[in-house]
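The opening residue of the sequence shown carries number 0 in numbering that gives the first Met the number 0; numbering runs sequentially from there. Here the structure comes first, spelled out in structure tokens, and everything after it is commentary.
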Amino acid sequence: MANEQNKRVSVPSRTSLVPKNTVLGLAKVYSTKDEKGNFLKTFFGLPFLSPNEVDDCFTDDLMSTMPADCTAINDFVDYVFLNYINNDSAMFPPEIWAEFSSSISRTTNACESFHAKLNGMFYRSHPNIYQLIEALNEVQTSSYTKMNCTAVRNLKRAKQFLPQNLKL
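The following block contains the structure:
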């Protein structure tokens with residue numbers, strides 16, 4: 000469990016790469032919707048690959064779409080390669096931070112996760128009581144639906160393994 004928590008801390012997330020973007024003057028470029036901004040945004044998908052695919056994706060896919068006319072982007076790509084991608088000399092190799100999974104949690108704390116989900120349901124910081132009740136009803140309905148789907152799936156699996164003369 001401690002290994003998993005350390006793994007999540009060292010993921011090259013937006014917050015760990017943004018300071019390098021700022022030093023290189025790429026913060027404004029990152030927020031644009033042009034070719035250069037979109038290229039920089041693609042880096043934040045790397046943690047969702049398996050560790051053995053990161054190097055290939057970086058060299059084959061990302062490098063082939065890199066804008067050629069920006070030295071700051073070139074410096075950023077070199078920085079990412081040397082510190083996060085290169086298995087021989089990287090300070091944080093992909094085995095530490097890359098995790099192919101459809102269930103990667105943004106937080107390991109269930110309370111923080113619920114709070115973030117609930118906050119995302121409101122358009123302002125102090126909703127009225129009726130908006131809160133409506134949001135809680137949505138959460139409850141979603142939870143019941145997930146529990147019922149899981150129960151039905153488990154029941155179907157149990158029926159597969161029972162002898163034909165027994166019925167549930």
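Cβ atoms here follow ideal geometry from the backbone N, Cα and C, with glycine treated the same way.
Q | Check whether Ala97 and Pro50 have beta carbons under 7 Å apart | A | For Ala97 and Pro50, yes; Cβs fall inside 7 Å.
Q | Length at least 4, wholly inside the segment 105 to 134: the alpha helix (DSSP H) runs in chain order | A | Here the runs fully enclosed are 109 to 118.
(Q) Can you list, in chain order, the residues of its chain with a C-beta nearer than 7 Å to that of Ser101? Leave out the 5 residues immediately preceding and following it. (A) Its pLDDT being 49, under 50, Ser101 is placed unreliably by the model, and nothing is read from it.
(Q) To the nearest angstrom, how far is the alpha carbon of Arg123 from that of Phe113? (A) Their backbone Cα atoms lie some 17 Å apart in a straight line.
Q | Nearest-angstrom beta carbon gap, Phe57 and Ile84 [assumed within contact, 8 Å] | A | Rounded, the Cβ-Cβ distance is 5 Å, consistent with contact.
Q) Is DSSP giving Cys185 helix, strand or coil here? A) Residue 185 lies beyond the stretch modelled for the chain, which goes from 0 to 167, so this question has no answer here.
Q: Tell whether a beta-carbon distance below 7 Å holds between Leu39 and Tyr29.
A: With contacts defined by Cβ atoms closer than 7 Å, Leu39 and Tyr29 form a contacting pair.
Q | For Ala67, the three-state DSSP class (helix, strand or coil) | A | Secondary structure at Ala67: coil, using DSSP grouped into helix, strand and coil.
Q: May I ask which residues mark the beginning and end of the alpha helix (DSSP H) holding Ala89?
A: Secondary structure note for Ala89: it is in no alpha helix (DSSP H), with a DSSP letter that is neither H nor E.
Q.
Let's test the definition: count the other Cβ atoms within 10 Å of the Cβ of Leu151 and tell me whether it reaches 16, buried, or not, exposed.
A. Sequence check: residue 151 is Val here, not Leu. Classification of Val151: exposed, given that the 10 Å Cβ count is below 16.
Q.
So the candidates are Phe47, Leu154, Lys155 and Gly24; which of them puts its Cα closest to the Cα of Glu94?
A. Of Phe47, Leu154, Lys155 and Gly24, the residue nearest in Cα terms is Phe47.
Q: State the Cα-Cα distance for the pair Thr64 and Asp54, rounded to the nearest angstrom.
A: Roughly 15 Å separates the two Cα atoms.
(Q) Less than 7 Å between the beta carbons of Gly24 and Ala71, yes or no? (A) Yes, they are a contact pair.
Q: Name the two residues that bound the continuous alpha helix (DSSP H) containing Gly36.
A: Unbroken alpha helix (DSSP H) run through Gly36: Glu34 to Lys40.
Q. Taking the Cβ atom as the reference point for each residue, do Met120 and Ala134 lie within a distance shorter than 7 Å?
A. Yes, they are a contact pair.
Q. Roughly how many angstroms separate the alpha carbons of Asp77 and Ser142, rounded to a whole number?
A. Taking the straight line from one Cα to the other gives about 45 Å.
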